[in-house]
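In what follows, a structure is listed as structure tokens, so that the remarks can point back to it.
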Amino acid sequence: MDLDRQRAIAWLEQNVSAHRLEHILGVEMMAINLAKIHQLDARQAAQAGLLHDLAKFFPPAKLLDLARQHQLNIDEVCRRVPHLLHADVGAIIAKEEFGVKDPQVLRAIANHTLGQPQMDDLSCVIFLADALEPGRGDSKKLNQLRQTSQEHLLQAVRQVCDMTLKHLVKNNKLIHPRMVQTRNWAFLAARP
Ligand SMILES: [Fe+2]
Ligand SMILES: [Fe+2]
2 MDLDRQRAIA
12 WLEQNVSAHR
22 LEHILGVEMM
32 AINLAKIHQL
42 DARQAAQAGL
52 LHDLAKFFPP
62 AKLLDLARQH
72 QLNIDEVCRR
82 VPHLLHADVG
92 AIIAKEEFGV
102 KDPQVLRAIA
112 NHTLGQPQMD
122 DLSCVIFLAD
132 ALEPGRGDSK
142 KLNQLRQTSQ
152 EHLLQAVRQV
162 CDMTLKHLVK
172 NNKLIHPRMV
182 QTRNWAFLAA
192 RP
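This is how it looks when you write it as structure tokens:
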């Protein structure tokens, strides 16, 4: 089924902030670009990009409820930081609210925050676009990562994980083990 982009945007206008909608459109655009560069399906990338943050503004109790209802794994870190569930819950909303059935698109939405070892190229593209879309800023580091994302998906995934992990340590935040697993997978897989 074709996604009604206007309906999705209208839904997002009601459910996320204007700033977040701008980010989402930036992710959609960057995901399309990366998909073309890496010879992936640009329509799948656009769909996952547009729908990746559907649950971004769901309150913690709603995220935990939906996660429980759909038998998602709620570990200790997610219990403490329910916001981490917004990616996996976002995939549920994409399916239920927008009728998305494509498992690759649903996985890419679910993987956009923490990644997943062995995730496919479409998931890598959404993970990278989420971290690197133009609205994230234009530091030298981000621009280097944008360049790498065009040349080598896995190397870019590893570097984005490193950047996020450093940020979490520096700011005294909990680290979800799935992020470490994604980083180690990309670290090993990116090597010849
Ligand atoms: Fe997100
Ligand atoms: Fe996002």
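In the numbering used here, the protein residues as written are 2 to 193. For each residue, glycine too, the CB sits at the ideal point set by N, CA and C. Quick caveat: nothing in here was measured; it's all calculated off a predicted structure.
Relative to ligand 1, the beta carbon of H39 is positioned no closer than 7 angstroms to any heavy atom. With a threshold of 7 angstroms, the Cβ atom of K174 does not count as near ligand 1, since no heavy atom of the ligand is closer than that. CA-CA distance, V126 to A36, rounds to 7 angstroms. Counting C-beta pairs with one atom in each stretch, the region 138–152 and the region 185–192 have fewer than three that are closer than 8 angstroms, which means they do not touch. In this structure, D76 has its CB at a distance of at least 7 angstroms from all heavy atoms of ligand 1. Here the alpha carbon of D121 sits roughly 11 angstroms from the alpha carbon of F128.
Nearest neighbour of A92 by Cα position, chosen from L67, C79, M30 and R81, turns out to be L67. Collapsing the DSSP output to three states places S140 in coil. CA-CA distance, L115 to I94, rounds to 18 angstroms.
With 7 angstroms as the limit, the residues whose C-beta approaches a heavy atom of ligand 1 more closely than that are H53, D54, K57, H87, A88, H113, T114 and D131, in chain order. When the five nearest sequence neighbours on each side are left out, the beta carbons in the same chain lying within less than 8 angstroms of the beta carbon of V170 are those of I176, in order along the chain.
Closer than 7 angstroms to some heavy atom of ligand 2: that does not describe the Cβ of H84. Per DSSP, T183 is one residue of the alpha helix (DSSP H) stretching across P178 to A190.
S140 sits exposed, since fewer than 16 C-beta atoms from the chains shown fall within 10 Å of its C-beta. For S124, the uninterrupted alpha helix (DSSP H) run begins and ends at D122 to L133, by DSSP. Shortest gap from the CB of H177 to any heavy atom of ligand 2: 7 angstroms or more. Residue range L154 to K171 is occupied by the alpha helix (DSSP H) that includes D163.
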